[in-house]
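Heads up: the structure comes next, in structure tokens.
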Amino acid sequence: MAQNDFTKAHQQYIHSLKMTRLKIHFWQIFIIVAIFALWEISARLGWIDTFLFSCPSDIWALFISYLKKGEIFTHIAASVWETILGFTIASILGIIIAVLLWWFDTFAKIMDPLLVILNALPKTALAPILIVWIGASTAGIVAVAVFISLIVTIISAYSYFTSVEAEKVKLLQSFGASKMQILTKLVLPANVLNIMSIVKINLGLS
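Per the numbering used here, the sequence shown starts with residue 1, numbered consecutively.
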């Protein structure tokens, strides 16, 4: 009897989890549909400037037009390549600079005010200026992607590296570990998940 009660309770629990997931998915879809519907209605009634914001139906029509001509795949390939390139450069370069800041304490203190200033700049607002300077080419777009992601990567990674428990660092030093060994055996392994989190953020920013 007790076994049957347990099985029934377990089934009810599984059912409640499924219902919760369904509710979450429903509201997620509903919110997205509501946003697009409000956007379309606002454009049709003249509440927003369609020159600046367009509207879903016009975007969809343009998408179908590009799809029929085959141009959409060329644009997608170019965008994906630029995103991957900017993401890769920003992630690798940012982590390398963060390691250098962790390694050289004086360098970190010198760079700290500059990083704070760069982080405070409105990066997306400066993107058009960078494109004007460098040009509306692949190099310019990649430079913008790197600029937007790089500072965030450096600051986040350096913060994670310096947050490693000092006791563990001192323990390794007491055994005669070099700075390279502390980096490779403690600091980097302890921050694998944090680095993956930074990489995910960079992918979105790029």
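Here a beta-carbon is modelled for each residue, glycine too, at the ideal position from N, C-alpha and C.
Have a look at the options and flag the residue whose alpha-carbon is nearest the alpha-carbon of residue i.
i	options	result
residue 159	194, 39, 129, 142	194
residue 79	138, 150, 175	138
residue 205	87, 132, 16	87
residue 114	154, 126, 128	154
residue 130	140, 121, 122	140
residue 152	182, 201, 196	201
residue 183	164, 49, 199, 106	164
Just reading off the alpha helix (DSSP H) that residue i is part of, what are its end residues?
i	result
residue 142	138–162
residue 204	192–205
residue 107	105–120
residue 124	123–134
residue 174	166–174
residue 179	179–182
Can you round the beta-carbon distance between residue i and residue j to whole angstroms, since I take them to be within the 8 Å contact cut?
i	j	result
residue 53	residue 43	7 Å
residue 39	residue 56	6 Å
residue 66	residue 72	4 Å
residue 142	residue 85	5 Å
- Task: Answer yes if the segment 139–147 comes into contact with the segment 83–102, meaning at least three C-beta pairs across the two stretches below 8 Å, and no otherwise.
- Result: Pairwise C-beta distances place the segment 83–102 in contact with the segment 139–147, as three or more of them are shorter than 8 Å.
- Query: Can you list, in chain order, the stretches of the alpha helix (DSSP H) that have 4 or more residues and sit fully within the segment 34–80?
  - Reply: Runs of the alpha helix (DSSP H) inside the segment 34–80: 50–53, 56–69.
- Decide yes or no for the touch test of the segment 182–199 against the segment 95–105: beta carbon pairs closer than 8 Å, at least 3 of them. Because the criterion of three Cβ pairs below 8 Å is met, the segment 182–199 and the segment 95–105 touch.
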